[in-house]
Structure formats: structure tokens, C-alpha cells
Amino acid sequence: MMALFSQGMRVATMPKRMGHIQLFSSSARILNAVHKVVVVGGGTAGLSVAHQLLNSGKFAQDEIAIVEPSNFHDYQPGWTLVGGGLKTRENLRRREDSLVDSKIQLYKDAVTTMSPEQNQVMMASGEKLEYDHLVIASGYSITLDSIKGLREALYNPESSVASIYTYDTVEQVFPKLNKVKEGEAIFTQPSSPIKCAGAPQKIMWLALNHWQNAGLYKNDSSSPIKITFAQGMPTMFSVPHYSKVLDELREERGVTGLFQHNLVAIEDDAKTAVFQRPNGEQVKKSFDFMHVVPTMSPPEFLKKSSLANSGGYAEVDQGTLRHVKYNNVWSLGDSSSLPTSKTAAAITGQSPVLVANLLSALENKEPIATYDGYTSCPLITEYGKVLLAEFKYGLQLKETFSKYGLDQSKPQRVFYYLKKDFFPWVYYNSMVKGKWAGPKGFMGSIRSFSTSARNMRNTPVRHPRDPLDTSAYATRFPLTSGETFVVRPPPSQDSSRMNVEASQALFDAAAPLSDERLDSLPPALAKHHRQARAATNQVTNDQIAQMQMLRNQDPYKNTAGHLAKEYGCSPTFVSIVAPAPKSVRQAREAENDLKKATWGMNKRISRAQRAERRALW
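Just so we're aligned: the sequence shown equals residues 1 to 617 in UniProt numbering.
Okay, here's the thing in C-alpha cells:
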């Protein structure tokens, strides 16, 4: 398909799509393809932004482009579960092109140079892309060679060094954990920014729980396995509120803490770890198992561009996500300079803000949305429990479930199933499709009251459609206020064929019923008179006091139905005189909200339709 571009009448050949394969026509290669928006990176951030832009309905075919060299897309937050033996890496992987909408142009190529002065992106194939707006979502690059001896140790199947941070090594973590029967186990975390700063201790807590269940770990000196957490930072976690809880948990479980210890080398055939302190002092420690978190950095093409700050990150305003120098450049996620944790949850807060501001910029307007720094880290503390950390800029808490009476600093079982089951499902079914906004729930999943086509079910509608608005038979009265009063007219005019007042010979000739004929009918039913039923059991004030006491002691056991049977009254009466404590009601509401979060799309749509019908009643 040929496309003509007005600027200099450049001729470019756009790539053709065939299923999941891109082919270029044989007439010419792309010289300068032009797109309204070019998204660099097809990871979590790139896919979310591209599809949210597409879902806005303001872009035509191929006006949005994604540049991503990888053939596969991985749900990396789930690699902790793989390391803990709960999932396989293959279950968390999808083909990249299967996740990209057919209306978005996907270039399976790598970016080599970005030239914001010319609004151009150069790819490894030599092709150039021109853009009106650029979104940098290039993520992090894993730098294994920054730690001496790490690459060799990780790719040596006989070594006891493991890491959940790469696809090639994550499947070896759990088998290596299983081999450990005694000795020193070390779990490291660098002081530099990494993907999900809670993941290094997530895998540690899972390993501890696994060894504990196998009888190999005890919180005393007789434990066959000793565990050390070597953290480059001075605390367990960046947020003091959660750090205090995690440090207490570390001490309670007997884990040794080495704070401000950065791993710099692995020596002695992967048996000795070399750490460096802030003062330059080096500390050596032998180990029998070590989980290593490698250092990470933005990709080279970003670090050497004029878009990066001194640290190599795309320098953007932390509120609007717009570049501080170029008004048509935006960034989010790991490769941005946003001072918050690098997590997939952070993308749920960043992407809607970026999309809203970019759409506003396309209309030559100022940014309309502000990102508050929201991010989240579901910290697995053992098999079956998760501490759900949620915070924003300034390390201030921004918790979702605390308003329902749930203490998020306390590991909860319900959060475990969110991490293990719900988040992986919603990631591929909604988030990368631009339809998941984290704590705010699903985006654009409610359709109108009237029935629409199946492929329009997710189209958002502000108000139910009024059938009178489009009726040709409705009567309209213009009002002085400028509004129009619409009235449904009578069904039709009277006609001789429907006049029930006319004489009907057949009915007139019918003989009236005689008493004899009435005797053949069944006896008439006795008239029922509603009378107040005599009270058979009066509940005394003492019994009410007992119900209130039992309700407060154990509201889960002493339910309204249970007490109603015991005292011979109705559950409604019990709920009035002895209501459940407020905390219990809030917990039940939270459980119901979590249950709703697991509903499928069809159920959500049907419930939304039901709510709209009730609003019309």
C-alpha cells in the first residue's frame, strides 16, 4: 500500500500485515514513515499507552507506531512466582505481535538514535520514523557484566548462583533452591534503582518458607541453613511505614541483615561474594547459595541522546510526564526520570496521565492531568500471604484497601491471591490493551443500555440512550429556556376496526347466567383478610443485651440468622438491635469488592446494564 506525504511529496511504502508477520512490498523499503505518535518500546508502558491512545478514538489506521525488537513479551512481575515454584516462565509469555492491535503499526526493530530536533527516530535497519509526538517507554537494560563473575556464575548449571531477573535464568532458581540442604544462603539487592525494589526480598521470603516447610530452616543457631539479606540501601524498604514492619519480620525470622553492602564481584568458582561498603571497604563472605539482583540502566541509545539527564533517564516533568525541553516528547516507566519505584503498578497511574496530556497537546492545549507518584509493590512474605505496599511521591501512603478496615502493612491472604492469580490475568486481558487503571479498575468496559454489536460492548457511554430522542412519532414542544420537551404520542387514531364501544351482536345475544348454571361452578374462595398475627414470643431487654454481647464477641459465628433462630425472632430484628461491628461490615465490603475484581468481562457488563436499567426506573 502506497502512502503520499505532503512534505516534499515523499513516497513511502508502508509495511503490510499478514497475521502476525510483517512484510514489506518489493517495490521499495520505507524511507521516512510518518506517524502521529511513535512509541519506543513494546513493554508494559509502551503497550498500555499505545492502546489507551487508540481507544480514545482519535487515531486512524497506523497513526500510532510501536518500535520493539523483541519477539516475545513477558509478564516480569510473575517471575517471582516462577522462582518460588508457583508458575512456569512459559505461562507468563506471549508473542509481542499478538498483543498489538491491528490498527497500530508494529516495527520489529531496535532504535539506535533519537533526534528530537528533527522529530525523527533512526532504527537499526537504517529506516527513519518521523513523528508528531514521541513516547519513550524503552524500559531497563540488565547489566550482568557490572558485577564481576556474575554472568559466568549464572550460566554455569553447576554453580549455586541464581537470579529471577532474566528469562534465561529464572527457571533455574527453584531447582537450585531445592538442592540446598545446609550452609549459608545470601540474597542481594543493589543500591541503584531496579525493577520492583521489593522483588529481592520476595524471593528470599519464599525460599525461607520453602526451607522451613522442609525442616531445613529454624529461627535459632541449630538451623541447617542460615539466611543473610545483603542490601545496598540502609533500610529494608524505602517507605518507613513498611520498612519497619519488614525489619521486624526479618528479626523475628532470624535473617541476618547486611545493610549498605553492594555486591561487586563473585570469586573462588562462585563460592565467595565480594561486597563494597560506602567508604570503599570490601567485605568477603562465602556462600552455598546466592540469589543475585543485577544492576540495571536505561538503554544506550537513550543515555547518549539529548533527551537524557545525567543518569541516562528521559528527563520529564514528574507531574505531566512531558519532557522538560521538548514539548512533543513524553516518557514513563523504567526509562523515565520519575522519582518513584519502577513497577508495573506505577504504569497504571502514569499511562492515563500521559495519554490525557498528550491528547490535550494534540489540540494545542496545556496538560490537564497530574501524576501523584502512585506505585505499588505486593510483597510476598510467605506462601499464602502478601503485604500490599502502596505509596506515592514523598514516600506517602496511598492505600486502596485501608479505607475498608484492612491493614495493608500486615500480610494478608486475600492480597496473595491478587498477586498470584488476578494480577497475571488482568495484565494480559486488560492492562496491555489499555483497559486497566490499577486501583481505579477497568477502563471503558461499560456500554450503553440499549443492545449494541458485540465488538462495541466495551465502548463507553455517558448516558443511556433515550428511545424517544430518535422517534419519528414523538411530539416535541420547544420551551422558552431553550430545551425541548419530548412526549410520546397516542399509539394511533381510533378506527372502526378497533372501536370497542360499537355494538357486538355476538355478545349481546349471549344469555345471562342462571342460578342453576352458577351451582355447577366450584365454590367461591373465602375472602382473605390480613390480620396481625398474635405475638408468640416477646424478646426481652435482657435477651437483646445478650444478642449484642454475642454479636460483639464473635460476629462471624453469631450471625443475624443464627441469633434469630436461637431467640425466636427475625434476622432483620437482630440486625437492628444488634448490628455487626463497623470493622466487620467494612471487612465484608472489602471482600465483596475483591470478589467483584475477579469478575469476568461479561459479568461486569451485565451488572453495569442492570445498574443502568435501575437508574431508568
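By construction, the Cβ of each residue, glycine as well, lies at the ideal position given by its N, Cα and C atoms.
Go to residue i, then tell me how far its beta strand (DSSP E) extends in each direction, as first and last residue.
i           : result
residue 74  : 72-74
residue 476 : 475-478
residue 618 : For residue 618 there is no data in the structure shown, the boundaries of the chain being 1 and 617.
residue 111 : 111-115
residue 187 : 183-189
residue 330 : 329-331
residue 36  : 32-40
residue 285 : 282-286
residue 291 : 289-291
Distance check for residue j and residue i, CA to CA, integer angstroms please.
i           : j           : result
residue 150 : residue 320 : 39 Å
residue 418 : residue 377 : 12 Å
residue 34  : residue 605 : 38 Å
residue 355 : residue 113 : 24 Å
residue 29  : residue 52  : Low confidence applies here, because residue 29 scores a pLDDT of 41, under 50, leaving its location unreliable; read the following figure in that light. Their Cα atoms are separated by approximately 30 Å.
residue 460 : residue 441 : Residue placement at residue 460 cannot be trusted, given a pLDDT of 48 that sits under 50; what the coordinates show is reported in the next sentence. Roughly 14 Å separates the two Cα atoms.
residue 7   : residue 130 : Residue placement at residue 7 is poorly supported in this model, since its pLDDT is 36, which falls under 50; the coordinates still yield a value, given next. Rounded to whole angstroms, residue 7 to residue 130 spans 11 Å at the Cα level.
residue 314 : residue 299 : 11 Å
residue 91  : residue 426 : 14 Å
residue 69  : residue 589 : 45 Å
residue 256 : residue 246 : 13 Å
residue 448 : residue 596 : For residue 448, the predicted model reports a pLDDT of 37, less than 50, meaning its position is unreliable and no value from the coordinates is stated.
residue 137 : residue 367 : 19 Å
residue 248 : residue 386 : 15 Å
residue 148 : residue 263 : 9 Å
residue 108 : residue 409 : 43 Å
residue 431 : residue 600 : 14 Å
residue 253 : residue 213 : 14 Å
residue 411 : residue 582 : 22 Å
residue 67  : residue 143 : 22 Å
residue 674 : residue 88  : Any answer about residue 674 is impossible in this case: the structure gives the chain only from 1 up to 617.
residue 101 : residue 94  : 14 Å
residue 370 : residue 353 : 6 Å
residue 373 : residue 338 : 8 Å
residue 435 : residue 609 : 19 Å
residue 23  : residue 327 : Its pLDDT being 38, under 50, residue 23 is placed unreliably in this model, and the coordinates cannot settle the point.
residue 285 : residue 348 : 40 Å
residue 614 : residue 398 : 33 Å
Taking DSSP as the reference, what is the three-state secondary structure of residue i?
i           : result
residue 456 : Note that residue 456 scores 47 on pLDDT, short of 50, meaning its location in the model is unreliable and no value can be drawn from it.
residue 251 : helix
residue 599 : coil
residue 261 : coil
residue 586 : helix
residue 378 : strand
residue 389 : strand
residue 401 : coil
residue 89  : coil
residue 594 : helix
residue 366 : coil
residue 180 : coil
residue 488 : coil
residue 447 : Bear in mind that a pLDDT of 39 at residue 447, under 50, signals an unreliable position, so the number given afterwards is only what the model happens to contain. If DSSP states are grouped into helix, strand and coil, residue 447 belongs with coil.
residue 61  : coil
residue 121 : strand
residue 616 : helix
residue 540 : coil
Considering only the alpha carbon of each residue, which of the options lies closest to residue i?
i           : options               : result
residue 422 : 295, 78 and 36        : 78
residue 181 : 65, 436, 36 and 216   : 216
residue 75  : 118, 323 and 43       : 43
residue 276 : 326, 287, 261 and 161 : 261
residue 250 : 202, 111 and 45       : 202
residue 63  : 363, 349 and 132      : 132
residue 164 : 187, 404, 365 and 481 : 187
residue 389 : 32, 478 and 241       : 241
residue 357 : 317, 406, 229 and 428 : 317
residue 106 : 38, 239, 592 and 126  : 38
residue 363 : 45, 41 and 58         : 58
residue 334 : 190, 269, 211 and 197 : 197
residue 288 : 593, 598, 332 and 227 : 227
residue 167 : 185, 141 and 267      : 141
For the alpha helix (DSSP H) containing residue i, name the first residue and the last one.
i           : result
residue 48  : 44-55
residue 574 : 571-577
residue 204 : 199-213
residue 235 : Where residue 235 is concerned, there is no enclosing alpha helix (DSSP H), given that its DSSP letter is neither H nor E.
I want to know whether the region 159-177 touches the region 67-87 - three or more CB-CB distances under 8 Å.
Yes, they touch.
Count the C-beta pairs between the region 568-577 and the region 537-555 that are closer than 8 Å, then say yes if the count reaches three, no if not.
Between the region 568-577 and the region 537-555 there are three or more C-beta pairs closer than 8 Å, enough to call the two in contact.
Inter-stretch contact (C-beta, 8 Å, three-pair minimum) for the region 541-553 and the region 574-588:
Touching, yes.
Does the region 304-311 come into contact with the region 113-123, if we say contact requires no fewer than three beta-carbon pairs (one atom in each stretch) closer than 8 Å?
Segments in contact, yes.
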